[in-house]
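Notes follow the structure.
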Amino acid sequence: MALNMRQPLPPCCHAVNPGVKDATKADFKTGLSKYAVSSKQESVARLADALAEAHSTLRLDRNATSAVSGTSQSAAFSHVEDIQTYIKNIETYLALVKGFMTPSLAQKGLVVTPIRTVETDGDASTPSSALRQPLIEDYSPKEDAAKIGAASEATDKAPKDAAAPSTANARSQHDPPKTLSECLGFCQWKDALSNAIMFAPNARIEYAQALLASGVFMMNSARDKVDVLLARRLSEIDEQELKLAYQLFLHAAGVLDACLESIDVTPRTVGAKTTDLSAEPEPDAKTEGSGVDTIPDDDMMAKWRAEQQASSQPNTATTTAAVATNTMKAPGIKNDDLAHLNRIPDLARGRYPQLLAWIALAEAQELVILRGISREFVDYSLMARLSMDISIRYKECHAFATQMLPCSTSPVADKLRLYSTFKEAYYSAISCYFQGAASMEKDTAASCAQAIANFKKAKTMLLITVTRKQNYEAQVQKDEGKERLETFRSIFIRSEQIVDRDLDIMTHRNDSVYYERIPQPEPPCEPLSLVRAVAFPAVEINASVGSQPDGASPTQRPTTVELL
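Dropping the structure here:
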C-alpha cells in the first residue's frame, strides 16, 4: 500500500529567532555637520540626507521595529522582487558608508596643501579650490581642547541618572575623529548577544553592523512566514510564500557571508559537499564531468530548484565578481579600523554571523523538505538524504555555538545552541523515518521488515530528542509568544504520532501476512544538499557628493561619496 495515500510526516521546520539587531535612529545631519567646512555645508547636508534616506530603507531603526509586531517584518517582503529591492537598499547604504573608508585625496597626491579647514579668497566652486577644501575639517590641538572643554561642561550639566550607551567599544565621543572613517562614530547599534547599545567606532564597523543587522532582519522575516505556513495543513500551504521564505534564507546567508568578508573573516561552509547538487551547473548550461554521485531526482524537485535559481539570477549573475571583490580589502582600509572588533560581542571574530549563515541555509533546506512532503507524490529516499544533511549542519552549528559563543552569559547564544542540538537529533530521527517510508512503499516482505526496523529506530531517536526539545522550549518561552510555541509543540507531537502510526501499520502487516524476521536498521544515508547562499553583490563607489551641484535634486543623489 502506498504511503502517499496517508498524510505524510510534516517536518518540524520551526525557525529560530536569531535575536534582535537594530539601530538607534542616527541624526546624520547633526553628526556630520560639526566636522564640515563652512563653504561645503550644503554638500555635507546632501550627504547626510542621502545616508538618512538609505538607512531608513533598511527598516532597522529601533523606533520603527519596536512599535510593531514581527508580522510586519514579513510584510516587507511580499514578492521575490521585494528581496531584490532590499538587497539594492543595502548596497546603497553601504556604498555611502564605503565613501568614508576610501583614502583621502591627499593620500593620492591630489592635494598640495595640508588637509585642514582652509578658507580661500577665491571661488570655492572651482575644481582647484574644491580639492583644497575637505568636506570634513581637520582639527588643531587648540581646537581640540576648546571643543572637549565645551563638551565636558555640557556633560556636567546633564542629568546624572540619564541612560547612556556603552562606549566600551568606541573612542570617546568628545575626541575629534583622527580619520575620515571615525566621522561615523555617532552611529549606534544594539548588540544581538549582549543587548548593549554600542557605538560604531569607524565606518568599517558601521559597514559590518549594517550587513549583520540586515541579515538578521531577513532571517526574522523568513521566520514569520514559516510560522504562518506551519499553522496550516500541508494541503493548504501557500507555495509562493514558501518559496519567498526559502529565498529570504538564501539571501540572508549571502548577506551574512558578506558581513564576515567585510571584517576579514573567510566564510566557511558545512553540510554535504560532494553530493551538493546545487553546486552543479544549470541543467541547460554546458556540463562537465564533476565526478559527483548523482541520484535520480524526481522531476518536481528538479523543476523547483530550477525555479529558485532563476528567481535569484539577478544577484547570482555576478557571483564570481562579487565574491572576489568582497574578499578584497577596500582601498585605504587599515587594520586599525578593526581594533575595536573584539569588544563588540556579535561581531567578535565573526562567530555570530558565521553561525547565523549556517542556520539560514539549514532552515532553507528544511523548507525544501516541507515542499517535497506537501506534494502528491513524495520521493522519500530524497527526503531522507536531505534530512541527513540538515542534521549534519545543525551538529556543526551546535559544536560551533558551544565552543565559540558566550552561551553561559548570553541568552541568545544559549538559545541558538539548544536549538541546534534539538534540530540535529530531530532530523537524524526523521531521516531514519524517511528511509523506512521509502521501504514501506515497495510493498514486499523484505521491505516491510526493513521498514519496521527503521521505524523502531526512528521512534527511539525521537524519544531521545524530547529532552532536547524541552530544554529549547524552556529557553524560548522566556521571550517568545505562546502561539508560536504551541505550533512548535503540536508539529513535533504530530511527527511522533505519524512514526507510531506507520510502525503499527507495518507491524500488523508483517504479523498477519509476511512473518518476516526484523533485520537491523539501515545505516544512515548519504547526505544531500540543495541549498546555496546567494552571494551579496560587490559594493562600488561610483559617484561623488562633493562634485554634485548644490542645487541638485534629491532624486539625483549619488549612491556613494568622496569626502574631499
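The opening position of the sequence shown corresponds to residue 110 in my numbering, with each subsequent residue numbered one higher. Beta carbons are placed, not taken as given, at the ideal position from N, Cα and C, and that holds for glycine.
Contacts around residue i, its chain only, beta-carbon distance under 8 Å, and the 5 residues preceding and following it disregarded
i           : result
residue 316 : 203, 206, 207, 210, 371
residue 584 : 520, 523, 524, 527
residue 603 : 118, 119
residue 150 : 142
residue 507 : 526, 529, 530, 533
residue 369 : 375, 376, 459, 462, 463, 466
Sequence-distant residues of the same chain with beta carbon closer than 7 Å to residue i, five excluded per side
i           : result
residue 312 : 206, 209, 210, 290, 293
residue 573 : 534
residue 544 : 493, 563, 631, 634
residue 153 : 141, 142, 145, 244
residue 578 : 531, 601
residue 628 : 558, 559, 562
residue 648 : 200, 203, 204, 207
residue 677 : Since the first residue of the chain shown is 110 and the last is 673, residue 677 is not available in this structure.
Min CB distance residue i to chain C below 9 Å
i           : result
residue 633 : Absent from the structure: chain C. Only one protein chain is present.
Residues sharing a beta bridge with residue i, DSSP
i           : result
residue 298 : 132, 307
residue 170 : 132
Distance between residue j and residue i (C-alpha atoms, nearest Å)
i           : j           : result
residue 528 : residue 125 : 7 Å
residue 483 : residue 134 : 43 Å
residue 612 : residue 505 : 31 Å
residue 310 : residue 374 : 19 Å
residue 473 : residue 355 : 5 Å
residue 456 : residue 541 : 37 Å
residue 461 : residue 487 : 36 Å
residue 650 : residue 587 : 44 Å
residue 147 : residue 458 : 40 Å
residue 511 : residue 597 : 24 Å
residue 351 : residue 454 : 33 Å
residue 345 : residue 467 : 29 Å
residue 337 : residue 476 : 13 Å
residue 499 : residue 136 : 43 Å
residue 191 : residue 480 : 22 Å
residue 343 : residue 123 : 14 Å
residue 515 : residue 303 : 9 Å
residue 321 : residue 593 : 25 Å
residue 502 : residue 478 : 15 Å
residue 555 : residue 546 : 13 Å
residue 160 : residue 381 : 41 Å
residue 590 : residue 339 : 15 Å
residue 377 : residue 166 : 30 Å
residue 323 : residue 614 : 48 Å
residue 599 : residue 620 : 31 Å
residue 517 : residue 171 : 27 Å
residue 450 : residue 548 : 52 Å
Nonlocal neighbours in the same chain, by C-beta distance under 6 Å from residue i, ignoring five residues either side
i           : result
residue 298 : 132, 307, 318
residue 605 : 571
residue 645 : 363, 364, 367
residue 281 : Caution applies to residue 281, whose pLDDT of 48 falls short of 50 and renders its modelled position unreliable; the value that the coordinates give is listed next. Excluding positions up to five away in sequence, the list is empty.
residue 127 : 325, 328, 465
residue 296 : 135, 309, 315
residue 536 : 496, 499, 500
Minimum C-alpha distance to residue i - residue among the options
i           : options            : result
residue 557 : 624, 499, 604, 536 : 624
residue 81  : 361, 537, 618      : What the structure shows of the chain is the stretch from 110 to 673, and residue 81 is not part of that stretch, so it cannot be assessed.
residue 448 : 555, 638, 314, 378 : 314
residue 332 : 381, 502, 353, 537 : 353
residue 569 : 609, 340, 117      : 609
residue 601 : 616, 547, 538      : 538
residue 490 : 450, 337, 191, 551 : 551
residue 162 : 138, 147, 288, 149 : 138
residue 156 : 115, 201, 120, 123 : 201
residue 706 : 637, 599, 559, 477 : For the chain, the structure presents residues 110 to 673; residue 706 sits outside this window and is missing.
residue 708 : 186, 129, 381, 191 : Outside the shown range of the chain, which is 110 to 673, sits residue 708, and nothing can be said about it.
residue 121 : 589, 335, 288, 638 : 335
residue 116 : 187, 164, 184, 607 : 607
residue 357 : 341, 288, 347, 187 : 187
residue 622 : 347, 553, 638      : 553
residue 637 : 379, 305, 158, 198 : 379
Exercise. Would you mind listing the alpha helix (DSSP H) stretches within the segment 567-654 that are 4+ residues and don't spill past its ends, in chain order?
Key: Here the runs fully enclosed are 591-618.
Self-check item: Contiguous alpha helix (DSSP H) assignments of at least 4 residues, all confined to the segment 305-344
Solution: Entirely contained in the segment 305-344, the alpha helix (DSSP H) runs reaching 4 residues are, in chain order, 312-339.
Quiz item: What alpha helix (DSSP H) runs, 4 residues minimum, are completely inside the segment 469-534?
Solution: 489-513, all fully within the segment 469-534.
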